[in-house]
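Using our numbering, the first residue of the sequence shown is number 10, and each one after it goes up by one.
Shown next, in structure tokens, is the structure this report addresses.
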Amino acid sequence: MTSLGLYLTKKSVNRAMVSRRTGISQARLSQLTSNESTKLRADELFLIALAIDIDPGEMFKEIFEDLKLKQ
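So this is what it looks like as structure tokens:
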């Protein structure tokens, strides 16, 4: 499961509702939440955050918290 998938599961988000509200297909949401090689686009993250009434910046920080600069 991807970090987006874990985030949505933790928040108990209904993915069918997200699909309806954002226009992102359920197939695409499934890829985004289960396939680590699928890249989440900024516009998708923003729409998902709006659909679940979460601040996009906070969602971004939590989903990508493991990213670090190379030392």
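Where is the CB? At the ideal position from N, CA and C, for every residue including glycine.
Report the CB separation of M68 from A58 in whole angstroms; it is logged as a contact under 8 Å. Taking the first residue of the sequence shown as 1, we reach residue 68 at position 59. Taking the first residue of the sequence shown as 1, we reach residue 58 at position 49. Right, their Cβ atoms sit about 5 Å apart.
Measuring from the CB of T18, is there a heavy atom of the ligand GTP at a distance below 8 Å? Questions concerning the ligand GTP fall outside what the structure shown contains, since it holds no ligand whatsoever.
So, for R30: in the same chain, excluding its five sequence neighbours on each side, which residues have a beta-carbon less than 7 Å away from its beta-carbon? Counting from one through the sequence shown, the residue named residue 30 turns up at place 21. Hits under 7 Å: A60.
Quick one: what does DSSP say V22 is sitting in, helix, strand or coil? Here residue 22 refers to the residue found at position 13 when the sequence shown is read from its first residue. Three-state DSSP puts V22 in coil, outside helix and strand.
Using 8 Å for Cβ pairs, my map puts I33 next to L17. What's the rounded Cβ distance? By one-based count along the sequence shown, residue 33 stands at place 24. By one-based count along the sequence shown, residue 17 stands at place 8. The pair is not a contact, with the Cβ atoms about 12 Å apart (cut-off 8 Å).
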